[in-house]
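What follows is a short report on a single structure.
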């Protein structure tokens, strides 16, 4: 179990966690059309400008590595404002950052279908993917720590790159292990992602995953940076204010999105992950009063969510629970979705509008990954 004692965030709705979550509570969604990101239909004709959910100010004019760094610096600054300097203890750091999932999937399909490549240089494209991932793994976290003036324990510092939303589950498990072994006293778990790069928009459109007038069930690209300061609950009880507790993480892998690769056989794996999380709880999940799930408008995720209703939630009489959908307010935030979900719940409890102190968070990605964890309000 992990105790959340600090949260920092920037999102399309605000440059701090309080205003971001308050705006989401008010039902605000800041979706804008980007004139310089225009995609083409199947016949090559231009269609309407792309609708995106974009963080204001802090990342304007930046793309790729620089955009991620700008978002990360702003989100981490909000965390430090809330918690104060972190130099008074041994601090670990895990950065879950979006990688090249969609571009790699498109490359794999284009190598099998020459028409999909449309004469492009696939070898050069593959080299650019490798270069981007290597730079994120080796340079992004050190640059972020340097800009923030934050010192961390060398043995408790890692970047999970090419991670999707489900990468947050691995970060929770790693942080709990480090804290139990006292490798660090506190650990920052950061989720950072942006789907607003021009080449990313083009790939999403070519894969028919992007929401456009021709594809109304696609995703709206979003971006966010959200950082959680987590501690061992016993240590937090000595003085830190606990905003939420996290427990029972589980992850599984099932059938991938058919637009990304040949679909795997068998059922969607979300029901399995939910069952695993519930099995580790003393009440096997029967006290669950809320659900947070990253449905993003795509039929693939909707189908997986529907299957979990039939196989797990409805038999447990949990099928009518209040359900929060972060992409409805922030767009698809990829690797940042897990921390963003925790922030929404923590602020809901702080302000008194979350309907239950026990919530299940479900994370879905387009590679078939499914992750779940349980969040409780401070007792």
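Numbering (the working numbering), first residue to last: 19 to 397.
We treat Cβ as the ideally placed atom computed from N, Cα and C, and that holds for glycine.
Proximity below 9 Å, CB of residue 31 to CB of residue 347: yes
Check whether the segment 181-195 and the segment 345-360 are in contact - that is, three or more C-beta pairs closer than 8 Å. yes
How is residue 105 classed by DSSP in three states: helix, strand or coil? coil
Where does residue 153 sit, in a helix, a strand or coil, going by DSSP? helix
Chain-order list of residues whose beta-carbon lies under 8 Å from that of residue 140 (same chain, five-residue window excluded): 125, 128 and 129
Under the three-state reduction of DSSP, which class applies to residue 392: helix, strand or coil? strand
Proximal residues to residue 222 (C-beta, below 8 Å), its chain only, five neighbours per side dropped: 120, 213, 228, 236, 237 and 239
Taking C-beta to C-beta, are residue 232 and residue 85 nearer than 9 Å? no
Could you pull the DSSP bridge partners for residue 407 from this structure? Outside the shown range of the chain, which is 19 to 397, sits residue 407, and nothing can be said about it.
Using only the alpha-carbon positions, how far apart do residue 373 and residue 338 sit? 13 Å
DSSP puts residue 80 in a beta bridge; with which residues? In the DSSP output, where bridge partners are listed per residue, residue 80 has none listed.
Under 7 Å Cβ to Cβ from residue 143, same chain only, skipping five residues before and after it: list those, please. 125
Buried versus exposed, by CB contacts within 10 Å (16 or more), residue 157: exposed
So, using beta-carbon positions, are residue 393 and residue 209 closer together than 9 Å? no
For a test of the three-state rule: what should DSSP assign to residue 370, helix, strand or coil? coil
Could you name the residues of the same chain whose beta carbon sits closer than 8 Å to that of residue 217, not counting the 5 residues immediately before and after it, in chain order? 121
Compute the Euclidean distance between the alpha carbons of residue 35 and residue 268, then round it to the nearest angstrom. 26 Å
Based on the DSSP output, what are the partners of residue 270 in its beta bridges? 388
Let's see if you can read the secondary structure: which residues bound the alpha helix (DSSP H) around residue 210? First-last for residue 210: 204-212, but that is the beta strand (DSSP E), not the alpha helix (DSSP H).
Mind reading off the beta-carbon distance from residue 101 to residue 197? Whole number of angstroms is fine, and I expect it under 8 Å. That pair is no contact at about 16 Å.
Those residues which DSSP pairs with residue 342 across a bridge: 310
Put residue 19 into one of helix, strand or coil per three-state DSSP. coil
Are the beta-carbon atoms of residue 49 and residue 70 separated by less than 9 Å? yes
Do you know how far the Cα of residue 319 is from the Cα of residue 332? 18 Å
Close-in-space but distant-in-sequence residues of the same chain around residue 306 (CB under 6 Å, 5 per side omitted): 336, 376 and 378
Is the beta carbon of residue 388 sitting closer than 9 Å to the one on residue 301? no
Of the listed residues 243, 104, 193 and 134, nearest to residue 26 (C-alpha basis): 243
For residue 336, write down the residues that DSSP places opposite it in a beta bridge. Partner(s): none; residue 336 has no beta bridge.
I'd like to know whether the C-beta atoms of residue 252 and residue 110 end up nearer to each other than 9 Å. no
Strand pairing of residue 176, partner residues [DSSP]: 112
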